[in-house]
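Protein chains in written order, with the working numbering: chain A, 285 to 720; chain B, 285 to 720.
Here you go:
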């Protein structure tokens, strides 16, 4: 077989060192383009300027920046989230892993393959550096966002990496919330990586290649796919619906509202350790929905539980989707139109000391369970400046069957909290400030 | 809560009888549109003609036709496949289920909600007829394709529905193939429904609502999500890649090749029972990939196993992707350039008595297993005129560790075979010819 493959490699296929994804990228993007002339260019192709295409997925999201991308980036359509356990006790190995990951993240978010050779141009006698399934696909607005769990700083009382005294106090051990039924196998993790893209194949490719690079240093603890984002972070985006059929994210922080983003999302100087300045805190919750039970609830009942109309998304106190909630409005029988146990009321800043979250959740369907019920729900993701004052406070208000009426239809089965370091520039690596 | 909800329903939200998805459809489609002027129209909106948008997802795939849609329809990007067990022994209940399903399929493939009232316009005191999560989304080229399993005709020797003598001989019990490790919970099923769409939320919505309609008559046995189709059925589509990183579907039947489609896909008069004239036979295989093992194989090794170059997809005998395979070509050392145990050789019509399949597979990632490995692979779907001469013949050629070299990296864990009846017109129901 050797000679025949050498023949191929020496022939029409792959001059060593040429990045294949970029070669194929222009064709891929062009095939996806709808209409023309919108001013976007295919990237990475030598003749990109000659072939303008209308596909925004061909324009990468900047990896470098003051903050990590994937937080205030308008939410992409697909998610692959992975939590890793670090399996080395060597600080040097951990640092080299973060360096290797950062290099690969730079490559992949730009729409390129990982590694020096790419998928198909390396020496034929070694495995390809890139696994190849994203060849020909555009960058698809891929973002990769990293966070560090409590166990990276100290695990079972052991300070593996000399980081114990650098753990921010904001990175709390989440308390038990009433009603939690957490499954340990899908909780925690030393490191989390959120891959968001408009194509699931691109998001899956990214997590797979990061997992592969981690070999011997970190292994995947759990991973989760999601689709159909449930939270809008840009005024330009239509509010998507969750699997209860309701618009989800109407009252979310809008990324155009920079003052609110500054106040509620980014850790700033003086908040905690300086290595987190410009970072943020990520909380994830895998929330299973009792879909079949919900589907037997009346329209009136569903709307009362949520506090919004199912069709328009407008509050039960009246008006369209973006009308402010009027908690004082009463119906003819003297009851609040937005019920006291409704989800929107209990989650609202007015009932949580003004606290707000930047949410970025994704619907998930993991097939069906053994009873034929959809194994489905919401992979809830939120970013914040201080989880103690934001997620924990709000979730304490929501949790328990005597609180949010929605709790009859949901179960929290997975949980994680992570400190996401600030962004990196065109050099440097994820979390460098933690190690220097 | 009652009065307040009544106020909402009587007010700004939902005049009874108006189809909400169509109301919201125009805005949703417009928000997704890229560029303008491509001549597509938003459907369902009263003023659609005034707001042309460029989104092909706004144009539904015809549900009515001689054949069912979803077979030779150019493959959409996303899959939700479900197998059902019929849980009634009443023939009348089975017929009514098929009628109800057909009505709902007509609605949903057109981009509408199911039922008379839609999601949010029915009486508030009963559950909404539609679950609502696709409100505002375009039709997204949704197709729904039904097939009947062997157990619908007779199960455990019992002829539940008086159909035993109508089972086509083509609907064989698939033999055990060498290497199979089938898990019974994800095999078989009385009825299969394939939902394909360009938006996973639309595909999930369809299966969910069909499962809900089936309550008391059929329940989901298993379901599977997939993405990034691995087989092209149109010359206009770029060949996608599977999770081995190789183009998959290069040699697939092209739908433009109508003679081949007629010869290999559609059951014709005289083939079997007349109720299947214009139908086709569906075989599904859930194929788990040993991703991490594959990723350690050299580029040369991977290409030798497949028989094609990873980058271009061209055969190892030379040429670009669509160059014919030259099985006689030898390398300098006298070995065949396309190895005798390569996948493309063993699957090729030349080595299978000319047999061809119309493939329509989807990549799947079900998260990670307990060892942190990707629970991933290919949900293989193929359509054919006679599985005995097509899938069974080819799979016998591929199966076993002494045959296709790829078998070291894959395991077949799920399996199904179904008789897909012909299409229905603007009236009638799925499988009507079987019951009359």
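From the three backbone atoms N, C-alpha and C, an ideal C-beta is built for every residue, glycine too. Fair warning: this is a prediction, and the values are worked out from it, not measured in the lab.
Going by DSSP, which residues form a beta bridge with residue i?
i	result
residue 370(B)	502(B)
residue 668(A)	565(A)
residue 641(B)	BP columns for residue 641(B) are empty, so no partner.
residue 652(B)	658(B)
residue 614(B)	620(B)
residue 511(A)	362(A) and 647(A)
residue 719(A)	DSSP lists no partner for residue 719(A).
residue 663(A)	570(A) and 646(A)
Looking at residue j and residue i, is the spacing between their C-beta atoms short of 7 Å?
i	j	result
residue 342(A)	residue 422(A)	yes
residue 664(A)	residue 574(A)	no
residue 584(A)	residue 409(B)	yes
residue 674(B)	residue 512(A)	no
residue 666(A)	residue 564(A)	no
residue 612(A)	residue 621(A)	no
residue 417(A)	residue 525(B)	yes
residue 393(B)	residue 579(A)	no
residue 572(B)	residue 697(B)	yes
residue 497(A)	residue 388(A)	yes
residue 653(B)	residue 659(B)	yes
residue 676(B)	residue 465(B)	no
residue 645(B)	residue 662(B)	yes
residue 632(B)	residue 590(B)	no
residue 507(A)	residue 366(A)	yes
residue 427(B)	residue 345(B)	yes
residue 479(A)	residue 364(A)	yes
residue 476(A)	residue 446(A)	no
residue 510(B)	residue 523(B)	no
residue 649(A)	residue 488(B)	yes
residue 604(A)	residue 598(A)	yes
In chain B, which residues lie less than 7 Å from residue i when you measure between Cβ atoms?
i	result
residue 484(A)	511 and 512
residue 506(A)	651 and 652
residue 579(A)	411, 415 and 496
residue 370(A)	Chain B residues near residue 370(A): none, gap ~12 Å exceeds 7 Å.
residue 488(A)	649
residue 643(A)	Per Cβ cutoff of 7 Å: no residues; residue 643(A) is ~17 Å from chain B at best.
residue 500(A)	The premise fails here: residue 500(A) is roughly 12 Å from chain B at the closest Cβ pair, so nothing lies under 7 Å.
I want to verify the contact list: residues of chain B whose CB lies under 9 Å from the CB of residue i, in sequence order.
i	result
residue 608(A)	Near residue 608(A) there are no residues of chain B at all, since even the closest Cβ is about 15 Å away, more than 9 Å.
residue 525(A)	416, 417, 418, 419, 420, 421 and 485
residue 562(A)	The contacting residues do not exist; residue 562(A) stays about 31 Å from chain B at best.
What I want to know is whether the C-beta of residue i ends up closer than 6 Å to one or more non-hydrogen atoms of the ligand GTP.
i	result
residue 475(B)	The ligand GTP is absent from the structure shown, which contains no ligand whatsoever.
Find the residues of chain A that neighbour residue i, judging by a C-beta separation of less than 7 Å, and give them in chain order.
i	result
residue 431(B)	Simply none; closest approach about 18 Å.
residue 503(B)	656
residue 684(B)	Within chain A, no residue comes near residue 684(B); the closest Cβ sits about 20 Å away, beyond 7 Å.
For residue i, return the contacting residues in chain B, with the cut-off set at a CB-CB distance below 8 Å.
i	result
residue 691(A)	Result: empty, since nearest Cβ-Cβ is about 17 Å, beyond 8 Å.
residue 441(A)	Simply none; closest approach about 24 Å.
Would you mind telling me which residues of chain A sit closer than 8 Å to residue i, beta carbon to beta carbon, in chain order?
i	result
residue 681(B)	The contacting residues do not exist; residue 681(B) stays about 20 Å from chain A at best.
residue 700(B)	Going along chain A, no residue has its Cβ under 8 Å from residue 700(B), so there is no contact; the nearest lies around 14 Å.
Can you pull the chain A neighbours of residue i, defined as C-beta to C-beta under 9 Å?
i	result
residue 552(B)	Neighbours of residue 552(B) on chain A: none; closest Cβ ~34 Å, over 9 Å.
Tell me which residues of the stretch 532-545 of chain A have at least one Cβ-Cβ distance to chain B shorter than 8 Å, keeping chain order. none
Closer than 8 Å, Cβ to Cβ, to anything on chain B: give me those residues from the stretch 461-479 of chain A, in chain order. 469
Taking the runs of the beta strand (DSSP E) that are 3 residues or longer, which of them lie wholly in the stretch 678-714 of chain B? 694-704
Suppose only complete runs of 4+ residues qualify. What are the alpha helix (DSSP H) ranges in the stretch 394-458 of chain A, listed by chain order? 434-437
Which ranges would you report for the alpha helix (DSSP H) in the stretch 529-602 of chain B if only whole runs of at least 4 residues count? 542-548, 575-578 and 583-590
Check distances from the C-beta atoms of the stretch 565-590 of chain B to those of chain A and list, in chain order, the residues that come in under 9 Å. 575, 576, 578, 579, 580, 581, 582, 583, 584, 585, 586, 587 and 588
Closer than 8 Å, Cβ to any Cβ of chain A: which residues of the stretch 388-408 of chain B, in chain order? 403, 404, 405, 406, 407 and 408
Using a Cβ-Cβ cutoff of 7 Å, what residues of the stretch 661-676 of chain B are near chain A? List them in chain order. none
Can you list, in chain order, the residues of the stretch 608-639 of chain B whose Cβ is nearer than 7 Å to any Cβ on chain A? 615, 616, 617, 619, 621 and 623
Selection of the stretch 444-462 of chain B by Cβ proximity to chain A, strictly under 8 Å: none
Segments assigned beta strand (DSSP E), at least 3 residues, entirely inside the stretch 340-385 of chain A: 362-370
Residues of the stretch 360-386 of chain A whose Cβ lies closer than 7 Å to any Cβ of chain B, in chain order: none
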